[in-house]
């Protein structure tokens with residue numbers, strides 16, 4: 034464990050809490066992509082199957098359980114409890130355009146051709162692009178609520194901090210996982226445009242709106 | 004499998 038990984042995990046946890054808070058406090062999931070949230074639930078489910086087969090640490094197990102539970106909790110709030118507020122007209126990104134190629138790629142490029150490893154690889158690839166429906170939704174509506182933009186900033190920062198963690202681990206532990214690093218870089222790059230808007234607008238007290 | 008590395012990250 035190093036400071037980058039820990040702050041990355043905290044940012045990830047913070048993002049999830051912010052999203053749940055937004056939905057709970059406003060009693061609405063307007064502006065949140067149900068498709069991105071469905072893919073995140075799929076990401077956690079396929080990645081953390083090793084909870085059953087492998088114990089790493091209490092921290093690791095606890096965080097994994099929190100991430101799985103919160104992702105299904107978010108789906109419950111979006112698709113059952115506050116279903117009426119779900120903005121499906123703007124959530125039109127086609128999930129199969131991501132899930133199918135990612136599934137194919139995880140069969141082709143992985144560390145080991147075994148079921149658990151392929152599922153882990155699938156989750157890493159899918160996570161890297163799972164935010165696209167959310168970003169697409171913001172580009173369609175042209176704006177995001179401030180709390181939603183805080184959520185996205187925390188969520189994007191998490192993988193950016195993981196990149197620093199991988200640099201650290203490469204130099205100090207000799208650890209290098211090409212699949213995670215490449216996917217993590219792709220994931221972070223997808224947020225760059227959003228980061229720019231967030232810093233130039235939300236940090237100055239304005240709402241996140243897209244330039245016309 | 005000797006090179007196998009467990010996934011210890013989240």
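Residue numbers (the working numbering), protein chains in the order written: chain A, 34 to 245; chain B, 4 to 13.
Glycine is no exception: its CB is placed at the ideal position from the N, C-alpha and C atoms.
Being a predicted model, the structure only gives us computed values, none of them experimental.
### Query
residue 124(A): buried (16+ other C-beta within 10 angstroms of its C-beta) or exposed?
By the neighbour-count criterion, in which 16 or more other beta carbons inside 10 Å mark a residue as buried, residue 124(A) falls on the buried side.
### Query
Which residues of chain B have a Cβ atom closer than 8 Å to the Cβ of residue 89(A), listed in chain order?
Correct list: 9 and 11.
### Query
What does DSSP give as the partner residues of residue 118(A) in its beta bridges?
Paired residue(s): none; residue 118(A) is not in a bridge.
### Message
Residues in the same chain with beta-carbon distance under 7 Å from residue 74(A), minus the five sequence neighbours each way, listed in chain order, please.
### Response
Correct list, in chain order: 104, 105 and 108.
### Message
According to DSSP, residue 242(A) sits in a beta bridge with which residue or residues?
### Response
Answer is 176(A).
### Query
With residue 101(A) and residue 78(A) assumed to form a contact (beta carbons below 8 Å), what rounded beta-carbon distance in angstroms separates them?
About 7 Å; that satisfies the 8 Å criterion.
### Query
Should residue 38(A) be flagged as near chain B, meaning a C-beta pair shorter than 8 Å?
For residue 38(A), at least one C-beta of chain B is nearer than 8 Å to its own C-beta.
### Message
For a contact defined as C-beta to C-beta under 9 Å, what are the partners of residue 93(A) on chain B?
### Response
The answer, in chain order, is 11, 12 and 13.
### Query
Are three or more beta carbon pairs between the stretch 149-166 of chain A and the stretch 56-73 of chain A nearer than 8 Å?
Contact between the stretch 149-166 of chain A and the stretch 56-73 of chain A is present, because at least three Cβ pairs lie under 8 Å.
### Message
For residue 221(A) and residue 244(A), I'd like the C-alpha separation in whole angstroms.
### Response
Near 22 Å, if we compare the C-alpha coordinates of residue 244(A) and residue 221(A).
### Task
Measure from the C-beta of residue 153(A) to each C-beta in chain B and report whether the shortest distance is under 8 Å.
True, the Cβ-Cβ gap to chain B drops below 8 Å.
### Message
Between 173(A), 40(A) and 231(A), which has its C-alpha nearest residue 192(A)'s C-alpha?
### Response
Considering only alpha carbons, the answer is 40(A).
### Query
Does the pairing of the stretch 169-187 of chain A with the stretch 225-241 of chain A give three or more beta-carbon distances under 8 Å?
Three or more pairs of CB atoms, one per stretch, sit closer than 8 Å, so the stretch 169-187 of chain A contacts the stretch 225-241 of chain A.
### Query
At least one CB of chain B closer than 8 Å to the CB of residue 96(A): is that the case?
Contacts with chain B at 8 Å (Cβ-Cβ) include residue 96(A).
### Query
Whole-angstrom Cβ separation of residue 230(A) and residue 44(A), contact assumed at under 8 Å?
With 8 Å as the limit, residue 230(A) and residue 44(A) do not qualify as a contact, their Cβ atoms being about 18 Å apart.
### Query
Is the stretch 84-102 of chain A in contact with the stretch 207-221 of chain A, if contact means three or more CB pairs nearer than 8 Å?
No: fewer than three Cβ pairs fall under 8 Å.
### Message
Less than 8 Å between C-beta atoms, sequence neighbours within five positions excluded: which residues of the same chain meet that for residue 5(B)?
### Response
Here the model assigns residue 5(B) a pLDDT of 40, short of 50, so the residue's position is not dependable, and the following value carries that caveat. No residues qualify anywhere along the chain.
### Query
If we cut at 8 Å on Cβ distances, does residue 115(A) have a partner in chain C?
Absent here is chain C; the protein component of the structure consists of chains A and B.
### Task
Would you mind reading off the limits of the alpha helix (DSSP H) that contains residue 321(A)?
Past the boundaries of the shown model lies residue 321(A); chain A is included only from 34 to 245, so the question cannot be answered.
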